[in-house]
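According to full-length UniProt numbering, the sequence shown holds residues 1 to 251 in order.
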Amino acid sequence: MELSELLWNASSEQLKKGYIEKEDMYVCLLCGNKVEKGFIYPKNNMLYEAEKFMKYHIEAEHESVFHYLIGLNKKLTGLTDHQNSLLRLFYEGRSDAEVQKELDIGSSSTIRNHRFVLKEKERQAKVFLAMMELLKEKDDHAPAFLPLHKTATMVDDRYNITQEEQEDVEAKFFPNGIDGPLMKFPKKEKQKLATLRVLIQRFEKEKTYTEKEINHVLKKAYEDFVTLRRYLIEYGFLDRKDDGSEYWVKK
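Structure below.
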């Protein structure tokens, strides 16, 4: 199961914790890091049992679950930039007067109104979530859509793709298998996305690449490696420094 599937399939309680418990390990929903049960983990002159070490990992690597989630693309959170700023400041424990001064908007009463709007959004989300859970029990015809990658930059109907459709694209454009060459780069945006899902798997998630190394990997897949590289960045699969000296898989 892809990491994004773990994240999107997690319950609200699991999302709040930032990890899930399996029979023999804990798995971080934010990066896929695994901590095996039954071991003691030393860190900074402290000893941690498995679950506490997973909590330490989330704090050390991601600051907090809140910071990770609010850092997701706004197409995934449903938040406006303004709501995002408000939630960040509320999470920091700022008073209404402090938030008003920080954002330089309205008055303290304006901030209280924003709090009310956010609370209303929470109530609506709870109702909608309950309805969707009930719908799952009745809707036998709902297709299984592939989850969005969390660094997606353009979330629209091009992400409306099922596992079966993904496999069809792979068979059509990678006739020698997904590790083989790309026959041609498709024109349809949905098919482009499906193709990029395959190509990004050829890069290691924890590795930093030079542009030459990126080009070498992509050139083995397709002669127009510049186009592939551009689209991998455009769709939020790859990121790079402004000067192009370093590339990495976005997480």
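Ideal Cβ placement from N, Cα and C applies to all residues, glycine included.
Computed from a prediction, not measured in an experiment: that's the story for all the values here.
If you look at R240, you'll find it in the beta strand (DSSP E) that goes 238-240. Annotation for K16: no beta strand (DSSP E) segment contains it, though the alpha helix (DSSP H) segment containing it runs 12-17. Looking at K17, N215, G244, the one whose alpha-carbon comes closest to that of Y56 is K17. By the Cβ-count criterion, A97 is exposed, with fewer than 16 other Cβ atoms from all chains shown falling within 10 Å of its own Cβ. A direct Cα-Cα distance of roughly 28 Å separates F174 from G32.
The beta-carbon separation of Y159 and K192, rounded to 12 Å, does not stay under the 8 Å limit for a contact. Taking a C-beta distance under 8 Å as the contact criterion, F39 and A50 qualify as a contact pair.
When secondary structure is reduced to three states using DSSP, T162 falls in the strand class. Around the beta carbon of A144, fewer than 16 other beta carbons lie within 10 angstroms, which makes this residue exposed. The region 7-61 is shown to contain whole alpha helix (DSSP H) runs of 4 or more residues at 12-17, in chain order.
If you ignore the 5 residues before and after K34, its C-beta comes within less than 8 Å of the C-beta of M25, Y26, V27, C28, all in its own chain and listed in chain order. Going by C-alpha positions, L47 is about 49 Å away from A171.
For Y231, the enclosing alpha helix (DSSP H) covers residues 225-234. Counting the other CB atoms within 10 Å of its CB gives G177 a total below 16, which places it among the exposed residues. The bridge partners DSSP lists for Y209 are Y247.
Annotation: the continuous alpha helix (DSSP H) that includes I70 extends over 65-70. For F203, DSSP records no beta bridge to any residue. The Cβ-Cβ distance between T77 and I70 falls below 8 Å.
In terms of Cβ geometry, A125 and N73 do not form a close pair [threshold 8 Å]. Under the three-state reduction of DSSP, F174 is assigned to coil, being neither helix nor strand. Rounded to whole angstroms, the gap between the alpha carbons of G236 and K250 is 7 Å.
The beta carbons of E5 and P181 sit no closer together than 8 Å. Taking the C-beta atoms as reference points, I58 is found no nearer than 8 Å to Y91.
Collapsing the DSSP output to three states places F90 in a helix. Counting only runs that start and end inside the region 92-117, the alpha helix (DSSP H) elements of at least 4 residues fall at 96-103.
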